[in-house]
Structures are given as C-alpha cells and as structure tokens.
Amino acid sequence: MAAPAMAAPPAATAAPPAGWRLGVAYGGLGLPLAFVALPLYVMLPNHYASVFGVPLGLLGAVLLGARLFDAVTDPWIGRLVDRWFAHSTARVLVAAVAAAVAAAVGFRALFFPPVEGTAALLVWCAAALVWTYLAYSVLAVLHQAWGARLGGDAAQRARVVAWREGFALVGVLVASVLPTLAGMGAATAVFAVALAAGVALLAQAPRTASHAATAGRVPSMTLPLGDAAFRRLLAVFLVNGIASAVPATLVLFFIRDRLDAPAFEPLFLASYFAAGALSMPLWVRVVRRVGLARAWLAGMLLAVAAFVWAALLGAGDVAAFTVVCIASGLALGADLALPGALLAGVIQRAGRSGQAEGAYFGWWNFATKLNLALAAGLALPLLQWFGYTPGSREPQALAALTLAYCALPCVLKLGAAALLVTRWMRDPHGACE
58 MAAPAMAAPP AATAAPPAGW RLGVAYGGLG LPLAFVALPL YVMLPNHYAS VFGVPLGLLG
118 AVLLGARLFD AVTDPWIGRL VDRWFAHSTA RVLVAAVAAA VAAAVGFRAL FFPPVEGTAA
178 LLVWCAAALV WTYLAYSVLA VLHQAWGARL GGDAAQRARV VAWREGFALV GVLVASVLPT
238 LAGMGAATAV FAVALAAGVA LLAQAPRTAS HAATAGRVPS MTLPLGDAAF RRLLAVFLVN
298 GIASAVPATL VLFFIRDRLD APAFEPLFLA SYFAAGALSM PLWVRVVRRV GLARAWLAGM
358 LLAVAAFVWA ALLGAGDVAA FTVVCIASGL ALGADLALPG ALLAGVIQRA GRSGQAEGAY
418 FGWWNFATKL NLALAAGLAL PLLQWFGYTP GSREPQALAA LTLAYCALPC VLKLGAAALL
478 VTRWMRDPHG ACE
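Encoded structure:
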C-alpha cells in the first residue's frame, strides 16, 4: 500500500518538562495497567488449568479466540481515542474513568467465577476476558497516545516511554508477588485502588498537542498502514513480540515442572521484573550513545544469550535461573522502552503529531495482542499434543516444554534482530535513530 501524499513533516514538537513530576503524573497509570496484564497473560492460563482443571487444548482455544477479538478491536479503539483527543482532554479523561471501572469489575470476575464445570468455566472465562480486554485496551491506547503527543527528540521520547514502562514494571512486580502473599481477593482490591490513582494522576499530567491540529476530520483508521516506515517497524515488533509472548505464557509451567521450584516463583518473577524496571535509566543512557535502534538490537541479543543458558538448566537450578531472570529482565527493559519511542518518531516524521497517535497505537496494540493470542493458541495445544500436561515429569514432555520455552524464543528473537538490521536500520530514517 502506497503512503498517502502529505505535507513535509513538521519539526519535532518541543519536549515537555523531563522531571520526576512529569514522570509520575504521566507514567503512574502504567502501574495498574501492568498489574492487570500479568495475571491476564501469564497467571490466568495456569490458574484455570491447575485450580479448575480445564484442559490445556480447550483453554488455549478460548484464549486464542478472546485475544484475537481483543486484537482486532484495537484499531477501532485507536480511532475513538483520536476522536476523544480531537474533542477535548476532558472527554479523554471521562473515557479513562469509565474504562477503569469496567476493568476493575472484569478483573475480579475472571479470577472468582461463580460457575462450576468445564463448559461453564470456559464460557465465563471467554466473556469476562472480552469485557476486561476491551476496558484494558481503551486505557492502554489512550495512555500511549497521550505520551506520544508529548513529542521531543529520540532521548526525550525514550525517557517518556521509560517512565510509563518503569511504572508498568513496578505494577508487574507487585502483581507477581501480591497474589501469593495476600491472595487474589486482596490483589483485585489493590488493582481497583491503583487504577483510581492512575487516572487521577493522568488528569494532572502535561496536556498534549494542541487540539486545533485535530479540529477537522479525524484521520482514517487505516492511515498508519499506508506508512512504509510504520510497516517496517511493525514487522520487527511483531516477530520480536511473539518471541517474548511464548515464554511469558509458559514460564510458570517451566518453573514448576522443569525446575521443580514452585516455591521460588515470587523470587524468579520479582528478579525478572525488578531488573527490567531498574534497567530503564540504563537503556535511556544507551540510547544517547548509540541510538534507539542499536540499543534495541543489543537488548534482543541479550535475551537470546539468556534463553540459551536457560535451556541447559534442570531441576533444582534455582540460583542459575535467577541469573537468567535478571539477564532477560534487562533485555525486557529494552523491549518496553525503545519500540514505543521509535514509533513516536515515525508519527513525528509522517507529520501526524497531535492527529493520529490513537490510530498508530491501535495497530501497535493489535500486533502486541496478536502475538499473545498466537502464543497461547498455538503453544499450549502443541505442548499437549507432544504429551505435556501440567505436572508432567516424563523426559519427552519436559524436552518439549524446554524447546518451546527456550529454543523457539531464541529463533524468533534472532529473526527479529535480522529484520531490525535489514528492514529498519538500513533505511535512512531508521538509521538516524
């Protein structure tokens, strides 16, 4: 698809204040959004399989369907977000409040189903997932578009995204240990309070690009697909995202059955997400030295090194896997902070700042959720087909689990790195970032 003709892109918008007040006000909503994301994408499959005894094949089909539905709605949500921004910031905040209430209700419904039996549980899970995903998606696209509208150069864009994703990793860290320590009931209450605080903080964040720029017709939902630079970046993001989604789906199975270390789940998850959060300032510094694209490439290669080592581990290797979690957590920081900053640059160069951030991030989140859908819908049934079930100790089953958790992500990460070098960094615009 050819890119539509447009005026030359304007100069990058002035960078907003870079202090901690901006970071807290804008980034704070990232904490509850990530708080819900970890249970939805990592804990929920294991919860329904282990606690309720739902077969992996059927569960994978439900997760695939719900996540695909969630993914295809994101471009539509992105167009709505652009309309809200074009109207007023107040309209954006009203939508955020409504979505926050819906997300809190849906999150609790997922983990406390009032039904019994496999069929009823699957139907309830599907309906509650669709409800919660929609609410989550509205908040996520809205939040990302707000940050992209703040503008700035590459380092400033990385800093804005790092604040958002840093708070997100704190939220994930809390979500990884709170259910174990206090129970899922307490976790749902904390999530609701954190959502309210996050939306209140966003109301105090710096206002985004002038609404005068969007007073006319809201750009088409398909506009980003006509942007060649966006398509190139999206291809890299898709492959890299699948590489990250597969181990995220399988990590609890790997810890419990390959490592035989379920008691250390909080340690492993906390090490991973804490390393990711603490690495954010490091990646911002790396960006200043080598640019966004090269920094992201370094993060991909670090992840490959970590998962190659993980493939060599077995029962009882707690200390070694903790090191793996820290190394892959450092790589996670690059995956979270840098692609979004690259996308904000694509929007700037296309001359769409303050106009179409919702459309771009709608498709961006579509890619993210497509990755997660494919990871759950393909990896879980394939594992069952190869003879793996939760609790398996047979060598063949554990070998299948290790290949899926370790080897497949390495192959995909290397593919993403190759795309980044050949499809993005060799482009004049990509090379400059």
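For the sequence shown, our numbering gives the first residue as 58, with consecutive numbering after it.
No residue lacks a Cβ here, since even glycine has one placed at the ideal position from N, Cα and C.
Practice task
Just mark Val468 as buried or exposed, buried being the case when its beta carbon has 16 or more other beta carbons within 10 Å.
Solution key: exposed
Problem - Cβ neighbours of Arg214 in the same chain (closer than 6 angstroms, five flanking residues each side left out) - result: Ala398, Ala401
Handout entry: Sequence ranges, alpha helix (DSSP H) only - wholly within the region 95-163, length at least 4
Key = 101-107, 113-144
Problem - Cα-Cα separation, Gly228 to Trp340 - result: 19 angstroms
Problem - Contact the region 312-332 vs the region 374-388: 3+ CB pairs below 8 angstroms - result: These segments touch.
Problem - Near the ligand ADP: Leu395 beta-carbon under 8 angstroms from a heavy atom - result: The ligand content of the structure shown is nil, which means the ligand ADP is not present either.
Problem - Own chain, CB closer than 6 angstroms to Arg165, minus 5 neighbours either side, in chain order - result: Thr245
Exercise for the section: Evaluate Glu173 with the Cβ neighbour count: other Cβ atoms within 10 Å of its Cβ, from every protein chain shown; 16 or more gives buried, anything less gives exposed. Expected result: Classification of Glu173: exposed, given that the 10 Å Cβ count is below 16.
Problem - Close beta carbons around Phe423, own chain, < 8 angstroms, minus the five adjacent residues each side - result: Ala128, Val129, Asp131, Pro132
Handout entry: Rounded distance between the beta-carbons of Pro438 and Gly519, thought under 8 angstroms
Key = Here the chain covers residues 58 to 490 and nothing more, so residue 519 does not appear.
Exercise for the section: Would you mind working out which of Val187, Gly80, Ala202 sits nearest Trp420, comparing C-alpha positions? Expected result: The candidate whose alpha carbon is nearest that of Trp420 is Ala202.
Practice task
Would you check if there are 3 or more beta carbon pairs closer than 8 angstroms linking the region 253-265 to the region 360-367?
Solution key: no
Problem - With 16 other Cβ atoms within 10 Å as the buried cut-off, status of Ser499 - result: In the structure as shown, the chain starts at 58 and stops at 490, and residue 499 therefore has no counterpart that could be examined.
Practice task
Note the first and the last residue of the continuous alpha helix (DSSP H) segment covering Val194.
Solution key: The sequence as given places Ser at residue 194; Val does not occur at that position. From DSSP, the alpha helix (DSSP H) with Ser194 extends over 175-205.
Exercise for the section: Going by CA-CA distance only, name the one from Pro338, Val138, Phe287, Tyr190 that's closest to Leu125. Expected result: Tyr190
Exercise for the section: Closer than 7 angstroms by C-beta to Leu471: which residues in its own chain qualify, once you throw out the five before and the five after it? Chain order, please. Expected result: Val361
Exercise for the section: Mark Val151 as exposed unless 16 or more other C-beta atoms lie within 10 angstroms of its C-beta, in which case mark it buried. Expected result: exposed
Handout entry: Residue burial classification, Trp220 (beta-carbon count within 10 angstroms, cutoff 16)
Key = buried
Exercise for the section: Find the nearest neighbour of Ala332 within the set Ala320, Ile383, Ala286, judged by alpha-carbon distance. Expected result: Comparing Cα positions, the closest option is Ile383.
Handout entry: Boundaries (first-last residue) of the alpha helix (DSSP H) holding Leu335
Key = Segment 322-335, the alpha helix (DSSP H) holding Leu335.
Exercise for the section: Decide yes or no for the touch test of the region 95-103 against the region 232-250: beta carbon pairs closer than 8 angstroms, at least 3 of them. Expected result: yes
Exercise for the section: Have a look at Leu386 and Leu309 and give me their C-alpha separation to the nearest angstrom. Expected result: Looking at the sequence provided, one finds Gly at residue 386 rather than Leu. Roughly 16 angstroms between the two C-alpha positions.
Handout entry: Nonlocal neighbours in the same chain, by C-beta distance under 6 angstroms from Leu259, ignoring five residues either side
Key = Leu86
Practice task
State the CB to CB distance for the pair Val403 and Phe287, rounded to an integer number of angstroms; the pair is presumed to be in contact (CB under 8 angstroms).
Solution key: 5 angstroms
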